[in-house]
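The working numbering numbers the first residue of the sequence shown as 869 and each following residue consecutively.
First up is the structure itself, then whatever we jot down about it.
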Amino acid sequence: MAIAIVLLLILVASVIFHFVGPWDLPPLASNWGDIDLTIGITVLVTGLVFLAVMIFTIIAIIKFRYRPDRTADYEPENKKLELWLTGLSALGIIAMLAPGLYVYSEVVSVPDDALPVEAMAKQWGWAFRLPGDDGVLGKSDVRRVSADNPFGLDPLDPASQDDRLIQTPTLHLALNRPVQAQLRSLDVLHNFYVPQFRTKMDAVPGIVSSFWFTPTVEGEFEILCAEYCGVGHFNMRGKVVVQPEAEYALWLAQQPTFAEAQLALAQTTLSPLAREGEKLATEQGCMGCHGFAASPLGPSWSGIYGRAEVMSDGTELTVDDAYLIESIREPAAKLVQGYANVMPPYDLSDQQIAALIAYMKEKGGAPGEVEAAPAAPPVSGAVDAQPDQSLTGVDLAQAKGCLACHSVDGQKLVGPTWVGLAGSERTLLDGTTVIADEDYLRRAIIDPNAEVVEGYPPVMPVVSLTEAEILDLIQTIESLKQ
Ligand SMILES: [Cu+2]
C-alpha cells in the first residue's frame, strides 16, 4: 500500500512539474514550428505511456496485494494480450518516428532560394563564410587550410574571390531570408545548434553537412556546440544576429572578401621567416607592449634595425642582431632610455628569435623613416629606469606594463580583466579551480606561469617588483572587485 501511495505521488508530482516546471523550450525564432510539433507528439506519447504504466502498477499493487487466502494463477501465454501490447507499442513508436522523419526530410531539403552560409567549427570556436553577389560559395579544401587561408579556399576558383570571411564567432543573418547552413569541421565532431531555431546538426570532419532554416524573429541568439569536443567544449559559443535586410547588407559589406584578405597578405611582402615572426610576436604577447607606432609601453619596432638607440645610462649603440638577441633574452641588461624595466626575459629558441628579428627588420623598414622615440616619456622618473616610488594603484600598473594585457574596465585583452577578479573562482588550465584571494593574486604576479588561467596563453611575464609594489598591485586588483 505504501508503495502504491509513493508511486501515486511520483505520478502526480511529475505531471504538475511538467506543466509548471521552469524548463521549457525557448521561444521559437525560425520556420521550424513543425519541430515543436514533433517534440509535442513525443512528449504526449511518452507521457501517456508513463501514465498508463504507473496507473497499471498502482492498481495491480492494490488489487493483487498479498492475502493469505488466495494464490496466483499460472498463465504461461496469452496470445490476445500479447497481440494488443505489440500492436499498441508499434503504434506508439510509429507515432513518434513518422513525424520526426517527415520533418527531418523537410529540414534537409534545401529550397533553391536559400542563401548558403558556411559555419566552420574547430576546437574551440566558430568562423563563418558568406557568398558574395554571385550567391555561390567558392571551392574549399581542408588541405589548403593555413594561417593565410583559414577556410582553405581555392584561390583559382572565381567563386571564392567575393566570399566574405567572418573570423569572429558572430554571424549576422537577414530576417525572413532562408539560409542553408553548411557545416564543416577542421578537427573533431562539433554540432551547430541555435536552440531558438530548433535545428541542429553535427559538423563532421571531411564532409559538409547541411540543413536549412529561415530566421523569423529579430534579435541575438546564442550558437552552441552541441557535441562534446574536448576540454574547451563549454566555451565553444557564438552568436547569431538576425536583423532586417538593410542592416544585414550594411554589415555584410564591411566583412572582408577572400580577394581582399589575399591582397592584404600579398601586400605585406614579408618573407616566410618574417611571417613566422609575426605569428610569434602575437602569440607571445610582444604586441601587447610593442607595435609599429610610438607606444609608452615599449619602443616601436618601426625602423628599429640599424637605428641609433640611447640607453638609460646615456650610452648610444646601433641596433644589430646581437643587441636584439640580448634585448629579448635579457631585456634588463640594457634599457632603452625613456622606458621602464618591465619587459620580461623570453626563453626562445635561436630559430624563433631569428624569425622575430626578420619580422622587425622587414615590417619595421629602415631606421629614420619613422619616429625613434615616443614624444613623451611614458612615466615620469622612468628615464633612469628606476621605478618611481611615488607611483601607486593604476598608475603603478600602467608603469609596470600590466595594463598592456589587463584592463581595469572589464575589457578582455591579452590577459583577464582585473574587474571582478578578486574573490572570484578561477579555472586553471589543468581544470582545477581556485579562489582569487590575496595569496593567489600574489602567486599569479610572482610566478605567473605556475597557475595559468584557462582560456589564456601562458605569456604573462615575470615583472620585477618590490614587496611594496606587489602589495599595492594586489590592493589595486582588490579595489576592482565590484
Ligand atoms: Cu565543438
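Glycine included, each C-beta is placed from N, C-alpha and C at the ideal position.
#1: Would you please state the rounded distance, in angstroms, between the beta carbons of Glu-1095 and Asn-1059? I believe it to be under 8 Å.
#2: Could you check whether Thr-1285 and Ser-1275 sit closer than 8 Å to each other, using their CB atoms as the reference points?
#3: For Gly-901, which of Phe-1065, Arg-997, Val-888, Thr-914 has the nearest alpha-carbon?
#4: Relative to ligand 1, is the shortest distance from any of its heavy atoms to the C-beta of Glu-1322 smaller than 7 Å?
#5: Any chance the CB of Met-1104 is under 7 Å from a heavy atom of ligand 1?
#6: Below 7 Å, is the gap between the Cβ of Ala-995 and the nearest heavy atom of ligand 1?
#7: When you compare the CB positions of Arg-997 and Asp-1031, do they come within less than 8 Å of one another, or not?
#8: So is the beta-carbon of His-1101 under 7 Å away from any non-hydrogen atom of ligand 1?
#9: Answer yes or no: do Ile-1172 and Met-1228 have a C-beta to C-beta separation smaller than 8 Å?
#10: What does DSSP give as the partner residues of Ala-1049 in its beta bridges?
#11: Quick check on DSSP: helix, strand or coil for Gln-1123?
#12: Looking only at C-alpha atoms, which of Asp-1070, Val-1204, Gly-1232, Leu-1185 sits nearest to Glu-1146?
#13: When the cut-off is 8 Å and only beta carbons count, does Leu-953 lie next to chain D?
#14: For Pro-1018, which of Val-1108, Ile-1034, Arg-938 has the nearest alpha-carbon?
#15: Provide the residue span of the beta strand (DSSP E) that contains Phe-996, from first to last.
#16: When you compare the CB positions of Ile-929 and Ile-871, do they come within less than 8 Å of one another, or not?
#17: Any idea which residues DSSP pairs Asp-1070 with across the strands?
#18: Roughly how many angstroms lie between the CA atoms of Glu-1184 and Gly-1000, to the nearest whole one?
#19: Please name the residue or residues paired with Met-1179 in a DSSP beta bridge.
The short version:
#1: As a position in the sequence shown, residue 1095 is number 227, starting the count at 1. As a position in the sequence shown, residue 1059 is number 191, starting the count at 1. 4 Å between Cβ atoms; contact.
#2: Working through the sequence shown from its first residue, we reach residue 1275 at position 407. Working through the sequence shown from its first residue, we reach residue 1285 at position 417. The answer is yes: Cβ separation under 8 Å.
#3: Working through the sequence shown from its first residue, we reach residue 901 at position 33. For Gly-901, the nearest C-alpha among the options comes from Phe-1065.
#4: Counting from one through the sequence shown, the residue named residue 1322 turns up at place 454. No - ligand 1 has no heavy atom lying nearer than 7 Å to the Cβ of Glu-1322.
#5: The residue you call residue 1104 lines up with position 236 of the sequence shown. Checking every heavy atom of ligand 1 against the Cβ of Met-1104, one is found closer than 7 Å.
#6: Residue 995 sits at position 127 when you count from the first residue of the sequence shown. Not under cutoff, so the answer is no.
#7: For the purposes of this step, residue 997 is taken as the residue at position 129 of the sequence shown. For the purposes of this step, residue 1031 is taken as the residue at position 163 of the sequence shown. Yes, Cβ-Cβ distance for Arg-997 and Asp-1031 is below 8 Å.
#8: Along the sequence shown, read from residue 1 onward, the residue named residue 1101 stands at position 233. Within the cutoff, so yes.
#9: One-based indexing of the sequence shown puts residue 1172 at position 304. One-based indexing of the sequence shown puts residue 1228 at position 360. Yes; because the gap between Cβ atoms is below 8 Å, this pair is in contact.
#10: Position 181 of the sequence shown, counted from the first residue, corresponds to residue 1049. In the DSSP output, where bridge partners are listed per residue, Ala-1049 has Val-985, Phe-1079.
#11: Here residue 1123 refers to the residue found at position 255 when the sequence shown is read from its first residue. DSSP places Gln-1123 in coil when its eight states are reduced to three.
#12: Here residue 1146 refers to the residue found at position 278 when the sequence shown is read from its first residue. Ranking Asp-1070, Val-1204, Gly-1232, Leu-1185 by Cα distance to Glu-1146 puts Gly-1232 first.
#13: Although the question refers to chain D, the structure presented lacks it and comprises just one protein chain.
#14: Your numbering for residue 1018 matches position 150 in the sequence shown. Ranking the options by Cα distance to Pro-1018, first place goes to Ile-1034.
#15: Along the sequence shown, one-based indexing puts residue 996 at 128. Unbroken beta strand (DSSP E) run through Phe-996: 993 to 998.
#16: Here residue 929 refers to the residue found at position 61 when the sequence shown is read from its first residue. Here residue 871 refers to the residue found at position 3 when the sequence shown is read from its first residue. Taking 8 Å as the Cβ cut-off, Ile-929 and Ile-871 qualify as a contacting pair.
#17: Taking the first residue of the sequence shown as 1, we reach residue 1070 at position 202. Per DSSP, Asn-1059.
#18: Within the sequence shown, the letter at position 316 stands for residue 1184. Within the sequence shown, the letter at position 132 stands for residue 1000. If you take the alpha carbons of Glu-1184 and Gly-1000, they lie about 54 Å apart.
#19: Taking the first residue of the sequence shown as position 1, residue 1179 is located at position 311. Val-1204, per the DSSP bridge assignment.
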